[in-house]
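Down below is the structure, laid out as structure tokens.
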Amino acid sequence: MHRTVLAILSAAGVALIGALPSAPAAASAPVESITVYVGSAAGAAPSGARDGLRRDTAVATVEQAQEVLRAKKAVNATILVDGATFRPSAPVQVTWSPPGGRLTLGTVGVLAATTDCNTFDDLNPALEYGMVLTADNVTINNYVFQNCRNGGIRAMGTSGNRISGLIVENSTFQRLGGYWQGGPGNGYGGIHATYADYIWIENNLFSNLRNSESPASMHGVYLANYTYNTTIYNNRFEQISGDAVRTRNRGDNTIVDLNKFWKVGAYAVFSDWRFNSEGCSTDGLFDRNQVGNTTFNNDRWNEDAQGSINPVRVRLWGHDTATNANLYGCPSDPIVFGGSNVYVTSRPW
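Take the sequence shown: its letter number 36 is residue 36 in the UniProt record's numbering, and every next letter is one higher.
Structure, rendered in structure tokens:
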């Protein structure tokens, strides 16, 4: 009925009263889901046609794809990378995700998106990660991070700007740490997070993570400075010169469940660490894991008094150094055990 009345007024009334004033333009509404492509097609398409909305009009970088999605106001956003041509020249910067939605970084096909720090233009030893993330609600799927001095993914929350909701799945972290790069600087972790919460890490491979100068400082997953509620589920860890999972300074409620470990650790498989001025972590859980019987350096676990389960030593907490005197002092154990861990004498996959 309203449309009929307006049609009559438009046909008859304009002749009597003149042109009606134009209505203000409506603000563009958010779009539910948008996919943007990143790949080599960006080099062939005219610059004006590189909107990233099709594979043949792909943009050149993940950073450009985020700007397209920001302008489109996507609620749920996906960036699909052509794994055959993806060669970032600097750490991938993930600085945006849709307010109230999620950003997913994936690939066009089965070939993984490889971030290799050997292809970077400027190797900055202070920040040589494959990806630096400062946004909430990001999923990273089917990526490879390799040959980076400091680590694979740096989830860089701060005390004034925490990040939340990171999911890392079906990805590979390999040849990371100072051992694989010349010059100064050591590695911290395949995934290194600070001031973050609700991280989910599933079905990834962490392999050959190693430091030369400070081997015990390199980890598969390193959760520091008030990083809460992390689940590490169904991953594989092998040949890691430091403890495979390390929490530090209130890395609370870290669940390590149904993972496989082989030749990892300097002091432990899952450890909590703190300096004198830092806080103990709480409510860590280690359960249903398969653990190799030797450390990275081929020492047998459970041959000292530093803490054990049946019979694998998997936890350590303390102050500055790994001595028996520094193992205790927390009001409750930072890590408890579910009783279903098993000790294996060969690689469990």
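Ideal Cβ positions, reconstructed from N, Cα and C, are used throughout, including at glycine. Small disclaimer: the values here were computed from a predicted structure and weren't measured.
Could you tell me the alpha carbon to alpha carbon distance between residue i and residue j, rounded to whole angstroms?
{"i": "residue 341", "j": "residue 290", "result": "6 Å"}
{"i": "residue 82", "j": "residue 188", "result": "29 Å"}
{"i": "residue 217", "j": "residue 183", "result": "17 Å"}
{"i": "residue 336", "j": "residue 119", "result": "42 Å"}
{"i": "residue 272", "j": "residue 55", "result": "45 Å"}
{"i": "residue 157", "j": "residue 97", "result": "14 Å"}
{"i": "residue 52", "j": "residue 276", "result": "50 Å"}
{"i": "residue 62", "j": "residue 79", "result": "7 Å"}
{"i": "residue 329", "j": "residue 31", "result": "53 Å"}
{"i": "residue 223", "j": "residue 270", "result": "11 Å"}
{"i": "residue 75", "j": "residue 100", "result": "7 Å"}
{"i": "residue 243", "j": "residue 215", "result": "10 Å"}
{"i": "residue 349", "j": "residue 150", "result": "27 Å"}
{"i": "residue 258", "j": "residue 339", "result": "12 Å"}
{"i": "residue 225", "j": "residue 162", "result": "11 Å"}
{"i": "residue 155", "j": "residue 134", "result": "6 Å"}
{"i": "residue 279", "j": "residue 170", "result": "32 Å"}
{"i": "residue 284", "j": "residue 213", "result": "29 Å"}
Please return the same chain residues whose Cβ sits closer than 6 Å to the Cβ of residue i, not counting the five positions on each side in sequence.
{"i": "residue 345", "result": "293"}
{"i": "residue 177", "result": "187, 209, 210, 211 and 218"}
{"i": "residue 174", "result": "146, 207 and 208"}
{"i": "residue 164", "result": "136, 197 and 198"}
{"i": "residue 262", "result": "238, 292 and 347"}
{"i": "residue 87", "result": "119"}
Starting from residue i, follow the beta strand (DSSP E) in both directions and report where the run begins and ends.
{"i": "residue 248", "result": "245 to 248"}
{"i": "residue 67", "result": "Residue 67 -> not in any beta strand (DSSP E); alpha helix (DSSP H) instead, spanning 62 to 72."}
{"i": "residue 239", "result": "236 to 240"}
{"i": "residue 107", "result": "102 to 107"}
{"i": "residue 270", "result": "270 to 273"}
{"i": "residue 202", "result": "196 to 202"}
{"i": "residue 85", "result": "Per DSSP, residue 85 belongs to no beta strand (DSSP E) and is neither H nor E."}
{"i": "residue 145", "result": "143 to 146"}
Would you say residue i and residue j are within 9 Å of each other, going by their C-beta atoms?
{"i": "residue 110", "j": "residue 142", "result": "yes"}
{"i": "residue 296", "j": "residue 256", "result": "no"}
{"i": "residue 148", "j": "residue 115", "result": "yes"}
{"i": "residue 172", "j": "residue 205", "result": "yes"}
{"i": "residue 65", "j": "residue 36", "result": "yes"}
{"i": "residue 85", "j": "residue 106", "result": "no"}
{"i": "residue 203", "j": "residue 220", "result": "no"}
{"i": "residue 281", "j": "residue 274", "result": "yes"}
{"i": "residue 359", "j": "residue 190", "result": "The requested residue 359 does not occur in the structure, where the chain is confined to residues 1 to 349."}
{"i": "residue 193", "j": "residue 144", "result": "no"}
{"i": "residue 89", "j": "residue 121", "result": "yes"}
Short of 7 Å in beta carbon distance, which residues of its chain neighbour residue i, apart from the five on each side in sequence? Order them along the chain.
{"i": "residue 91", "result": "127, 129, 130, 131 and 132"}
{"i": "residue 228", "result": "197, 252 and 253"}
{"i": "residue 200", "result": "167 and 231"}
Using a Cβ-Cβ cutoff of less than 8 Å, which residues in the same chain neighbour residue i once the five nearest sequence positions on both sides are dropped?
{"i": "residue 49", "result": "57"}
{"i": "residue 69", "result": "34, 36, 77, 79, 96, 98 and 103"}
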